[in-house]
Amino acid sequence: MSVPRLMLSSLAGAGRFCVLGSGAARWGGGRAPRRGLSDLHPQLSPSQGFRDSPSWMPKNRSEPRSYITNPKLATTLVQILQKENRNRHQLFLECNPGPGILTQALLESQAKVIALECNRTFLPHLQSLRTKVTRKLEVVHCDFFKLDPRNSGIVKPPIMLSETLFQNLGIEALPWSEDNPLRVVGIFPAKNEKKILWKLLYDLYSSTSIYSYGRVQLNMFIAEKEYEKLVADPQNNLYQPLSVLWQVACEIKLLHVEPWSSFSVYNQVGGPKKSKNKESLEQINKQNMCFIQLTPLQNLFTENLTSVNYDIFFHMLKQCFMKRHATLMDHLQSLSPVNAVAILKEIEKDGDMKITDLYPEDFKLLFETIESFRESCRWLFDDSLEDIIL
């Protein structure tokens, strides 16, 4: 695949500092094209359910963030990313680079970088890096984890709309069937990992936000306990809807494990955060951070699982895990007007098996099979979606 298909026209000239969208913008207006099935272009679909709620966003705006400040760690990460992505024309969207240690290592590897930094304190230093490179760096006052807030009214930096961000950078959408050279790299905010993971799931399955531009790959540090939830299987008591949905949607790779003590924590004004509790600090330093890669699967969307009906799939999983000890037959009989016997025959499963003994691919097959039955136009009860996060 040739890189020009996903263009970064603003990097064609000398690198420069930019604060995009310094004025206010409102949610709405022109949107990216829709992709109904796997080979069509994405489009923003109407907001619904959980995605209508801004509750995923951090409530404490001065929450400290973790940054990579160890040059050896930055070099290790770049080597890992180069090994995983052999495309010479790599384009990285770096989330909150802070002091720019990883930014510089990426630039030295000949990659192009778009640095999205939410803390103004770090912007001048990141701007200074552009004097050392040519046509490789953009710096934007933006918080990746607050892209595309729902029902937020006026949007001002560091909160932005991905449509505004990508249009200003000259990034164009690619078909879902094509590999995407855009890689996101960063660290999930510690206090909001689960909510952000759910927000990204809704964006991914609905082909909105960054995923309206194609199969954008995430390369992120995440707390080990959250990573274990993502990859949990039916034999693990951490197995939950989050596990199923991420495993159905993405290839998940563990690239590296790093102790928490390797990272530096800074507050909103750019200074090191001091812990008030020595025992708490020692406990945190014993934890590990996992550097994982989340690559959306080309075959995620099918005739019966699309960016239009994905919310029913989410709801089905919620119902199944609310009664996790019930049998598959019990759950099928609770659905209306599904023919339970016909469904079981089609998926070749025993109705007496526990519902949570199904693997992620089994849940997907179950959903697609139910959807394929024409009488199942409205086969779920009208329970609220607001409790989807378990």
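According to UniProt numbering, the residues represented by the sequence shown are 1 to 390, in order. Idealized CB from N, CA, C, for every residue including glycine.
Is it a yes or a no for the segment 239 to 249 touching the segment 350 to 364, going by three-plus beta-carbon pairs under 8 Å? yes
Where the beta strand (DSSP E) through K253 begins and ends: Locating residue 253 in the sequence shown gives position 253, where the first residue counts as 1. Note, K253: beta strand (DSSP E), C250 to P259.
Flag this pair as touching only if the segment 93 to 105 and the segment 67 to 82 have three or more C-beta atom pairs under 8 Å; answer yes or no. yes
Among the residues of its own chain, which have a CB less than 6 Å from the CB of N60, if the five just before and after it don't count? What you label residue 60 is simply residue 60 of the sequence shown in a count that begins at 1. Summary for N60: the model assigns pLDDT 42, below 50, so the residue's position carries little reliability, and this model does not support an answer.
Spell out the partners DSSP gives V185 in its beta bridges. By one-based count along the sequence shown, residue 185 stands at place 185. The partner list for V185 (beta bridge, DSSP) reads E94 and N219.
Delimiting residues of the beta strand (DSSP E) encompassing Q293: Taking the first residue of the sequence shown as 1, we reach residue 293 at position 293. From DSSP, the beta strand (DSSP E) with Q293 extends over N288 to P296.
Based on the DSSP output, what are the partners of S264 in its beta bridges? Taking the sequence shown and counting its residues from 1, one reaches residue 264 at position 264. Y67.
Distance, R120 Cα to L40 Cα: As a working note, residue 40 is residue 40 in the sequence shown. As a working note, residue 120 is residue 120 in the sequence shown. Here L40 scores only 29 on pLDDT, less than 50, and its place in the model should not be relied on; the value that follows carries that caveat. Their backbone Cα atoms lie some 38 Å apart in a straight line.
Keeping to the same chain, check which residues put their C-beta closer than 6 Å to that of Q217; ignore five residues upstream and five downstream. For the purposes of this step, residue 217 is identified with residue 217 of the sequence shown, where counting begins at 1. Closer than 6 Å at the Cβ level, and outside the excluded window around Q217, lie R183 and T295.
If Q240 sits next to F321, beta carbons under 8 Å apart, how far is it from one beta carbon to the other, in whole angstroms? If you number the sequence shown from 1, residue 240 lands on position 240. If you number the sequence shown from 1, residue 321 lands on position 321. Their Cβ separation, rounded to whole angstroms, is 6 Å, which keeps Q240 and F321 in contact under 8 Å.
Would a C-beta distance cut-off of 8 Å place F144 and G186 closer than the cut-off? Translated into the one-based positions of the sequence shown, residue 144 becomes position 144. Translated into the one-based positions of the sequence shown, residue 186 becomes position 186. Yes, these two residues count as a Cβ contact at 8 Å.
Is the beta carbon of S128 less than 8 Å from the beta carbon of L147? Here the question's residue 128 lines up with position 128 in the sequence shown. Here the question's residue 147 lines up with position 147 in the sequence shown. Against a cut-off of 8 Å, the Cβ pair of L147 and S128 comes out as no contact.
6 Å CB neighbourhood of A111 in its chain, flanking five on each side removed: For the purposes of this step, residue 111 is taken as the residue at position 111 of the sequence shown. Closer than 6 Å at the Cβ level, and outside the excluded window around A111, lie Q90 and F92.
Where the alpha helix (DSSP H) containing H315 begins and where it ends: If you number the sequence shown from 1, residue 315 lands on position 315. Its alpha helix (DSSP H) spans residues Y310 to M322.
Nearest-angstrom Cα separation, counted from F188 out to E226: Locating residue 226 in the sequence shown gives position 226, counting from the first residue. Locating residue 188 in the sequence shown gives position 188, counting from the first residue. Cα to Cα, E226 sits roughly 10 Å from F188.
Provide the residue(s) that pair with I355 in DSSP beta bridges, ordered along the chain. By one-based count along the sequence shown, residue 355 stands at place 355. For I355, which the question treats as bridged, DSSP gives no partner whatsoever.
May I have the straight-line CA-CA distance separating V133 from F263, to the nearest angstrom? One-based indexing of the sequence shown puts residue 133 at position 133. One-based indexing of the sequence shown puts residue 263 at position 263. Their backbone Cα atoms lie some 26 Å apart in a straight line.
Quick check on I370: does DSSP put it in helix, strand or coil? Position 370 of the sequence shown holds residue 370. In this structure, I370 counts as helix in the three-state DSSP scheme.
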